[in-house]
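Numbering (this note's numbering), first residue to last: 51 to 383.
All residues carry an ideal CB built from backbone N, CA and C; glycine is no exception.
This is the structure in C-alpha cells:
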C-alpha cells in the first residue's frame, strides 16, 4: 500500500498489510510500528531518464539508495519510474533494465531479505509510451505492481468519460503480462482508491454519455487529463446527493451532476467496495502475488473500516488454502 501522509498511517489495518511504501516522506516511527507487526516498509524511488545510459551514475544511485535503506532500517525499494521510452530507444530501455538488475544484485548481496519491486502500467503494450523490457525487469524484481488504474490516460476511441479501472481492461492487461512470460505469482494487482471528475462539453441525458474536452497526452489526442482526480473520501460524501449508476462491462459505478455555477454537467467515475471486491476476487482466483492500492490515505474515517475489511488478507493462513478462495467468494457475493 502506498502511504502519502506521515500523520495518517496509524489508521491503516496492519493485520492485512504486508508492505507500506513511503511516498514523499520517511518516518522512523512508522518503521518501528510496522516491524513490530511484521509489516515491511520500503521507500519509493525514481531515476532521471537522461542518466539511464550512464553506468557510473546508475552505480552511484544504487549505492546511495542502499545506504539509505540500511541506515533507516527499511526493507527495500519500490521503483516508480513512469517516463516515456519509445520502442526505438533501445539504449534507454537497456539502461533501465540494467538499473533494476544492478539494484537487485547489490541489495540482495547486502541482505537477501530486502525487497525490490517495480510499478508498471496496466498493460505491457507500450502504455503511455512506456515501452520497457518488462520481462527483463520482472526477472530482477521480487514482483511487479500492476497499476490497474488511469486506464484512460490515452483514449483511442470516443473521447468520453469512462471507468478509471474497468474490469475487462484490468483483466486484459494482467493477462498480457502473463502472455509475455512473466509468472502470474510475480504480479500484484494495484487498484485505485480514487476516481475522476470529468466536466462534460456535451451531455446526452438519455444515454448518460459525457463527451470530454480533448487533452493530448504522449501522442494521443484524448486523455483522462481532462478530468481531475478525487479521493474516495470526497466522492463517497458527494455521491450521497445523486443517483449512482453501474456500468456492467467495466463493473464500475458512476454518477452525473450539474454544476450550477458553471452551467455544465460533470460525470464522476470511481471505484467503491463493490467494484473493488470484484477485482479482488479475480486476483485471488487467478492466484496473483497480492493486492495493493493507490493510495491508503484516500479514504476518510467513514470509509476506513469498510475499505480495509474488504481487502483479503494474503498473509493470513486461511488465505493460503484452496478452500479459502471459495469461502471468500461466498462471503463477498
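The DSSP-derived three-state label of residue 75 is coil. Leaving aside the five residues that flank residue 275 on each side, the residues in its chain whose CB is nearer than 7 Å to its CB run, in chain order, 265, 267. When the alpha-carbon of residue 119 is set against those of 103, 94, 108, the nearest one is in 94.
Looking only at 312, 313, 287, the smallest Cα-Cα distance to residue 305 is reached by 287. Taking all protein chains shown into account, residue 359 has fewer than 16 neighbouring C-beta atoms within 10 Å of its C-beta and is therefore exposed. The Cβ neighbour count for residue 342, taken over all protein chains shown within 10 Å, is at least 16; the residue is labelled buried.
Less than 7 Å divides the Cβ of residue 348 from the Cβ of residue 282. Fully enclosed alpha helix (DSSP H) runs of no fewer than 4 residues occupy 184-189 of the segment 173-217, in order along the chain. Less than 7 Å separates the beta-carbon of residue 166 from that of residue 191. Secondary structure note for residue 239: its beta strand (DSSP E) is the uninterrupted segment 237-242.
For residue 150, the enclosing alpha helix (DSSP H) starts and ends at 140-160. Secondary structure of residue 223 (DSSP, three-state): helix.
Residue burial is scored here from C-beta neighbours: residue 313 has fewer than 16 other C-beta atoms within 10 angstroms and is therefore classed as exposed. Residues 56 of the same chain have their beta carbon placed closer than 6 Å to that of residue 75, with the five preceding and five following residues left out of the count. Restricting attention to 338, 83, 150, 78, the CA atom closest to the CA of residue 111 is found in 150. DSSP, read as helix, strand or coil, puts residue 343 in strand.
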